[in-house]
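Below you'll find the structure, written out as structure tokens, and then a few comments.
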Amino acid sequence: MDRHAEGCQSVYPSKAPYITAEIERRIRLGFYRGKLPPNDSLRSEFLVARQTLTEALRPLFLQNLLSCESARSGIRIHPENLMKGVIAVVSGSAYSKEVDNLFGAIHQDGFSVLRIRKDGEKPFRYSIPENLRGVLFITSSLDLETADFLRGRKIPFLSCNIIPFLSGIPYIDYDNSALYELLIGMLSGKGYRKISFFKASPLEGYNKLAGKGIRRLKRKYGLAVSPCDRFTAGKEDSPADSFRKYAALCEKENDFPEFLIFDFNPSGPFAQVRRKVFPDSTVFLYHRARSSVPSGAENTYSFYSLEMNWRLWLRGYQLLREILFGRDPRTVHQLLERRIAFDREIPVKRA
């Protein structure tokens, strides 16, 4: 459990919901037919006590997926009672081909997929079908209003981005704080002292949270924190408008970084502002995949993720299934390591 989940639970979450979801998945895929393996075999496989296995099987009995007339007859499987319904996938941007892997996994589990764009014509709450089982939010699509609405309706949901604005909301994401420390540590080790980040995430509260963590890391590495490090992108502003305001603040403070780091690939108006305001700054670009990294340009270095978004989304869907089978959503806060690579070696700063 990470620092954002502290205080939610005093003990580790039960393993039972994971076992429930896994047994149900195996029944769907036909690995278990007719009867479940003996309880002793299941306990040995999952490395759990009798009480935990009993807890894991209970939701499947309540669903009438399992039945047991006597200990001697074993636990019978009734696949006709497998859970059916709709899993909604809400995206904050256009769907990419990566999402096909997620949709395939959901369909394989016997659910229908409802695609919802956050910026669609109707608000999310008007798109909910009666047989909705759960909601998965990808690409920074969950906001406070929607989270409160779903919690009020007791509809299971999970975000595939860290949620900074409300404690107790289930999420999974990559650990960007570890990424920021890697970048700051590497650059400061090469002699660079003026390192800045520009962030314009649409996720509510994230830019402020990230900025606070970055300032803490700069102090840790003995780097000065400037007024520009306290800039936060406006909620209603586009990334380009926010960057113009950030550049204006840098000009006002006469504070220009040696390294200006983006966590996205800026182009168009970003490039124009860069040439005008930051001609001597070295820009460090982030790209989603190796194939999108441009060839080397003057004063430009790139790092790119070695992770695929669909793997994060699949793990998020697996956690959502555990919530469907009784896992306390307040215990679902996971941060995964994000491996990165660089397009070329960054030189040591000249004296």
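Just so you know, we're using the working numbering here: the sequence shown kicks off at 15 and counts up by one.
For every residue, glycine included, the Cβ atom is placed at its ideal position computed from N, Cα and C.
Problem set entry | Residue burial classification, P184 (beta-carbon count within 10 angstroms, cutoff 16) | buried
Exercise. Taking contact to mean at least 3 C-beta pairs separated by less than 8 Å, is the region 265 to 275 in contact with the region 231 to 246?
Worked result: When Cβ pairs closer than 8 Å are counted between the two stretches, the region 265 to 275 is seen to touch the region 231 to 246, the count reaching three or more.
For this session: Classify R17 as buried or exposed, calling it buried when 16 or more other Cβ atoms lie within 10 Å of its own Cβ.
Result: Interpretation of R17 is limited by its pLDDT of 38, a score under 50 that renders its predicted location unreliable; the figure taken from the coordinates is listed afterwards. It counts as exposed.
Exercise. Using a Cβ-Cβ cut-off of 8 Å (strictly less than) and excluding sequence neighbours within five positions of G225, which residues of its own chain qualify?
Worked result: The answer, listed in chain order, is F211, K213, D243, R244, F245 and T246.
For this session: Could you tell me whether the region 84 to 101 touches the region 39 to 57, using the rule of 3 or more Cβ pairs below 8 Å?
Result: yes
Exercise. Does the region 191 to 210 touch the region 328 to 339, meaning 3 or more C-beta pairs lie closer than 8 Å?
Worked result: no
Problem set entry | Sequence-distant residues of the same chain with beta carbon closer than 8 Å to F163, five excluded per side | So the qualifying residues of the chain are F138 and R139.
Exercise. First and last residue of the beta strand (DSSP E) that includes R335?
Worked result: It is not in any beta strand (DSSP E) - R335 instead sits in the alpha helix (DSSP H) that spans N323 to L338.
Exercise. Three or more beta-carbon pairs under 8 Å between the region 347 to 363 and the region 318 to 332, yes or no?
Worked result: yes
Exercise. Measuring CA to CA, which of A119, E144, D157 and I228 is closest to P216?
Worked result: D157
For this session: May I have the straight-line CA-CA distance separating L201 from P293, to the nearest angstrom?
Result: 19 Å
For this session: Using the DSSP secondary-structure output, state which residues sit across from Q348 in a beta bridge.
Result: Q348 is bridged to I186.
Problem set entry | Where T153 sits in the DSSP three-state scheme | coil
Exercise. Taking the alpha-carbon positions, what's the G21 to D342 distance?
Worked result: Residue confidence for G21 is low, a pLDDT of 34 falling below 50, so the modelled location carries little weight and cannot support an answer.
Problem set entry | Nearest neighbour of R233, chosen from Y331, G124, V291 and G199 [CA to CA] | G199
Exercise. What is the rounded straight-line gap between the Cα of S28 and the Cα of T66?
Worked result: 8 Å
Exercise. For F60, which residues does DSSP report across the bridge?
Worked result: Bridge partners of F60: none, in fact.
Exercise. Buried or exposed: A355, going by 16 or more other Cβ atoms within 10 Å of its Cβ?
Worked result: exposed
Exercise. Tell me the DSSP bridge mates of V104?
Worked result: I130 and F151
Exercise. Taking the C-alpha atoms as reference points, what is the distance between L74 and V103?
Worked result: 25 Å
For this session: Rounded to whole angstroms, what's the CA-CA distance from A254 to R230? Just pull it up for me.
Result: 26 Å
Exercise. Just reading off the alpha helix (DSSP H) that T142 is part of, what are its end residues?
Worked result: Just to set this straight, residue 142 is Ile in the shown sequence, not Thr. No alpha helix (DSSP H) contains I142, which DSSP labels as neither H nor E.
Exercise. Any idea what DSSP makes of I354, helix, strand or coil?
Worked result: strand
Exercise. For L79, which three-state DSSP category applies?
Worked result: coil
Problem set entry | Buried versus exposed, by CB contacts within 10 Å (16 or more), N221 | Buried, since its Cβ has 16 or more Cβ neighbours within 10 Å.
For this session: Report yes if the CB atom of C174 is closer than 8 Å to the CB atom of I142, and no otherwise.
Result: Inclusion of C174 and I142 in the CB contact set at 8 Å is not warranted, their separation being larger than that value.
Exercise. Would you report the Cα separation of K204 and L172, rounded to the nearest angstrom?
Worked result: 40 Å
For this session: Specify the secondary structure class of F276 as computed by DSSP and reduced to three states.
Result: strand
Problem set entry | Cutoff 7 Å; reference A262; Cβ partners in own chain excluding five residues on either side | Nothing listed; no residue qualifies.
For this session: State the Cα-Cα distance for the pair F276 and A365, rounded to the nearest angstrom.
Result: Rounded to whole angstroms, the gap between the alpha carbons of F276 and A365 is 26 Å.
Exercise. Tell me, which residues are paired with Y300 by DSSP?
Worked result: F317
Exercise. Do L328 and A119 have their C-beta atoms within less than 8 Å of each other?
Worked result: yes
For this session: Can you give me the start and stop residues for the alpha helix (DSSP H) that F257 sits inside?
Result: P253 to E267
Exercise. Is I209 near E312, with beta carbons less than 8 Å apart?
Worked result: no
Exercise. Roughly how many angstroms lie between the CA atoms of R72 and G99, to the nearest whole one?
Worked result: Near 21 Å, if we compare the C-alpha coordinates of G99 and R72.
Exercise. Can you tell me the Cα-Cα spacing of G227 and P280, whole angstroms?
Worked result: 22 Å
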